[in-house]
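K.L.:
Submitted below is the structure of interest, expressed as C-alpha cells.
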Amino acid sequence: MRGLRTNANGLQNISGERLRVEPKRTAEGRNAGPVLKKCLNIILVNILSSFQRIWNNMEAAQRYQNIFKMFEMHDRVVIENSFDRVNFWSIINSTLMFIVTIIQVITIRSLFENKSAYGKFLRGKNTDTTNFIR
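If you're matching positions, the sequence shown starts at 1 in the UniProt record's numbering and goes up one per residue.
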C-alpha cells in the first residue's frame, strides 16, 4: 500500500509506460485482491465526487435559468401593458399635433386675407390693411 501512495503522490514524474505496467505487477502479487479493491474504491469515490459536483453545478444552473425565466415573464407583461399605454398616448399626441397644424395654417392664411373675419379679429379693429397690400 505504501508503494501505491508513493506512486500516487509522484504520478507527474512517472512515464505513461510505467503507469500501464505497475497495476499489472500489483495485480499479479499475493495482495492483489485487497490492493486492487482499495484502488478501485478510491477511483470510484473520485468519479462519484466528480459526478456529484457536476450534478450540483447543473442544479445551480437550472435554478438560475428558472429565476431568469421568471424575470423575463415579468418584464414581458410590463412591456405589453406599457405598449398599449404608449400607443394610446401616441395617437392622442399625433391627433393634437395635426389639429394644431391645421389651426396654424388657417391663422397664417387669414392674416394675409383682407376680408377674413378671423384675420380682422387677429389684426385688431382699428387697423387698415389697404396700406399694407399694394
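Note that the Cβ used here is the ideal one computed from N, Cα and C, for glycine as well.
What does a CB cutoff of less than 6 Å around S110 pick up in its chain, not counting 5 residues either side in sequence?
P.N.:
Excluding positions up to five away in sequence, the list reads S116, Y118, G119.
K.L.:
Could you compute how far the alpha carbon of N114 sits from the alpha carbon of F98?
P.N.:
Taking the straight line joining both Cα atoms gives about 26 Å.
K.L.:
If contacts are defined as beta-carbon pairs under 8 Å, then L96 and T107 qualify, I think. What distance do you get, rounded to the angstrom?
P.N.:
Going by Cβ atoms, the distance from L96 to T107 rounds to 16 Å, so no, they are not a contact pair.
K.L.:
State the DSSP-derived secondary structure class of N57, mapped to helix, strand or coil.
P.N.:
In the structure shown, N57 sits in a helix (DSSP, three-state: H, G or I).
K.L.:
Suppose you measure from the CA of R63 to the CA of R85; what does that come to, to the nearest Å?
P.N.:
Going by the C-alpha atoms only, they are around 34 Å apart.
K.L.:
By how many angstroms is the C-alpha of N41 removed from the C-alpha of M58?
P.N.:
Whole-angstrom Cα-Cα distance: 25 Å.
K.L.:
Which stretch, first to last residue, makes up the alpha helix (DSSP H) that contains K115?
P.N.:
It is not in any alpha helix (DSSP H) - K115 carries neither H nor E in the DSSP assignment.
K.L.:
Near K37, what residues of its chain come up, given a Cβ to Cβ distance below 7 Å and the 5 sequence neighbours on each side ignored?
P.N.:
Excluding sequence neighbours, K37 sits near nothing in its chain.
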